[in-house]
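Encoded as structure tokens, the structure appears first; notes follow it.
In our numbering, the protein residues as written are 263 to 825.
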């Protein structure tokens, strides 16, 4: 009959394959318990099929290896080597046990990513050393941690309701009696009430020092390039933010927990086969240490390392879960703050853009620019069409009207004008007395900016006709406008002083549009410059007004009127 031979905590174990199914895992519900976090709660099973035996991986975190190859389901035979987590199991036979291959040492292998400092080759330990080495590094998968504590939303099906109730009661009683429960409650309150990333990091590290017997603690966050940067370091009672000196951390441990999504502890890094040879461990005299990623769901934003250079065997296996919990608290709080800041920034950007742009343009800017600058928009060159729309006879109207009437008149006119400008994707530049200035083609390029500007002007004229019909019925004077439009190159962006800036356009194109409105346009006219007329290419009926010598310009300008 076949049997499995392996070592647990330095003690040789033998399991006879005399049942139809034998389950292996970290949980006590299995027939064979393998007590290490490198093993999943329900890791694998060996099943009989006639006179043959098969090993099946039960979707474990670290998988099952048969003779060095990862397998999902495979037949096992005499002389095969199985590996589940850190445990090596040899397939032997009762009769030939003395002739079976020797038992391999049980190593808790810390996953080392390619390119990392794995250290020099170390000879296999003697049987006396196997127990110490087997627990030298304990690895705890975040996936297993989330599943065990229900963080992934999956709840196991209870097979015994009374046992479940008893388990809950026991867990609650232990939590109420535990100082850790109080630490986590206090930390949660502190994290909820702070909006500073530095304060979050400090609170988490302070709680870690209260809970664990540690001398050093480090919290590192990913920068924009994905590199880890130390944000806070605590050495005994001294805390430093963004230290400039060399930080005594193990890059091997940090990269391993980040890349492999695990939390880990080592009882003594200097004697740990996987860590003792690394330069940082030797230089910084890292002995007992724990390390965990700062994780929120599937996202990892950094890592926390705790250690002591003076003692070994400081931490226990349950400490890894508590460290993973603190790291999760920290990451969730940091992410919450970042999301809140990002939402506030987006609101500021939208509020600022809403002064100038239509909602459609704002959405386009926000969609195409992943990091719009709320402080100042860069000045740049652009091809645009500029529009000026002025009320005719406003001065005389104001002189003979009450201020409230003038304000109501301006509000109505500006409302119609801005609505028309925004409806064609234009940008409101400013109100100049009774004049509206707008432009098309920025901040987002618009190939048809000339057509948009003229269409907006036509819409203003049509809206005023309807408004005037109502004003006639109310016995109020009619409102007439002059509109001038010109296309060409400008510079556009935030322009002004250090104390005040406005998003605007500058250039000769603007000056020509202003002169056409002032010197050429008659009441009710929509006058176009020659470049705007050329770009329309007959899409809107126009008539020539001839050439005009405008004030301040050296050459005459051809002007056109929309029919």
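C-beta atoms are modelled at their ideal positions from N, C-alpha and C, and glycine is treated no differently. Here the structure is a predicted model, which means the values were calculated and not measured.
Classification of residue i by the beta-carbon crowding that lies within 10 angstroms, buried from 16 upward
| i | result |
| --- | --- |
| residue 692 | exposed |
| residue 447 | exposed |
| residue 457 | exposed |
| residue 508 | exposed |
| residue 707 | exposed |
| residue 787 | buried |
| residue 271 | exposed |
| residue 392 | Note that residue 392 scores a pLDDT of 34, beneath 50, so its modelled location is shaky and nothing firm can be said. |
| residue 506 | exposed |
| residue 808 | exposed |
| residue 774 | buried |
| residue 814 | exposed |
| residue 368 | Confidence at residue 368 is low in this model, with a pLDDT of 30, below 50, so its placement is unreliable and no value can be given for it. |
| residue 406 | buried |
| residue 549 | buried |
| residue 567 | buried |
| residue 561 | exposed |
| residue 723 | buried |
| residue 677 | exposed |
| residue 791 | buried |
| residue 504 | exposed |
Residue range of the unbroken alpha helix (DSSP H) whose run includes residue i
| i | result |
| --- | --- |
| residue 781 | 770–781 |
| residue 514 | 513–522 |
| residue 794 | 792–798 |
| residue 304 | Segment: none, residue 304 is in no alpha helix (DSSP H) and carries neither H nor E. |
| residue 672 | 665–685 |
| residue 471 | 459–473 |
| residue 734 | 711–735 |
| residue 543 | 541–546 |
Alpha-carbon to alpha-carbon, residue j and residue i
| i | j | result |
| --- | --- | --- |
| residue 266 | residue 327 | 14 Å |
| residue 419 | residue 686 | With a pLDDT of 42 at residue 419, under the threshold of 50, the predicted position of this residue should be treated as unreliable, and no value is reported. |
| residue 349 | residue 299 | 11 Å |
| residue 449 | residue 466 | 7 Å |
| residue 352 | residue 404 | 29 Å |
| residue 237 | residue 523 | Absent from the model: residue 237. The displayed extent of the chain is 263 to 825, so no value can be given. |
| residue 233 | residue 444 | Since the displayed the chain opens at 263 and closes at 825, residue 233 lies outside it and no answer follows. |
| residue 455 | residue 601 | 15 Å |
| residue 817 | residue 796 | 18 Å |
| residue 280 | residue 263 | 8 Å |
| residue 520 | residue 564 | 8 Å |
| residue 229 | residue 667 | Since the first residue shown for the chain is 263 and the last is 825, residue 229 is missing from the structure and cannot be characterised. |
| residue 335 | residue 315 | 10 Å |
| residue 583 | residue 596 | 20 Å |
| residue 734 | residue 823 | 27 Å |
| residue 738 | residue 731 | 10 Å |
| residue 683 | residue 781 | 23 Å |
| residue 634 | residue 664 | Residue placement at residue 634 is flagged as unreliable, the pLDDT there being 47, under the threshold of 50; the coordinate-derived value follows with that caveat. C-alpha separation (whole angstroms): 43 Å. |
| residue 699 | residue 802 | 22 Å |
| residue 589 | residue 555 | 6 Å |
| residue 408 | residue 579 | 16 Å |
| residue 704 | residue 770 | 17 Å |
| residue 482 | residue 296 | 33 Å |
| residue 529 | residue 495 | 22 Å |
| residue 641 | residue 741 | 36 Å |
| residue 728 | residue 669 | 20 Å |
| residue 276 | residue 479 | 42 Å |
Sheet register partners of residue i (DSSP bridge)
| i | result |
| --- | --- |
| residue 501 | 496 |
| residue 743 | 653 |
| residue 804 | 824 |
| residue 404 | Beta-bridge pairing links residue 404 to no other residue. |
| residue 751 | 645 |
| residue 706 | DSSP lists no partner for residue 706. |
| residue 273 | 270 |
| residue 479 | 496 and 568 |
| residue 529 | DSSP output for residue 529 lists no bridge partner at all. |
First through last residue of the beta strand (DSSP E) which encompasses residue i
| i | result |
| --- | --- |
| residue 333 | 331–333 |
| residue 320 | From DSSP, residue 320 is part of no beta strand (DSSP E); its letter is neither H nor E. |
| residue 283 | 283–287 |
| residue 691 | 689–694 |
| residue 348 | Counting along the chain, residue 348 falls outside any beta strand (DSSP E), and DSSP gives it neither H nor E. |
| residue 558 | 550–558 |
heavy atom of the ligand SAH below 8 Å from residue i C-beta
| i | result |
| --- | --- |
| residue 809 | The ligand SAH is not part of the structure shown, which contains no ligands of any sort. |
Residue-chain proximity (residue i, chain D), Cβ-Cβ < 9 Å
| i | result |
| --- | --- |
| residue 574 | The structure shown contains no chain D; it holds only a single protein chain. |
Problem set entry | Any 3 or more C-beta pairs closer than 8 Å across the segment 273–293 and the segment 302–314 | Enough Cβ pairs lie closer than 8 Å, so yes.
For this session: Say whether the segment 670–687 touches the segment 747–755, bearing in mind that this needs 3 or more beta-carbon pairs closer than 8 Å, one atom from each stretch.
Result: Touching, no, given that fewer than three Cβ pairs across the two stretches are closer than 8 Å.
Exercise. Are there three or more Cβ pairs, one per stretch, closer than 8 Å when the segment 712–727 is compared with the segment 738–748?
Worked result: Segments in contact, yes.
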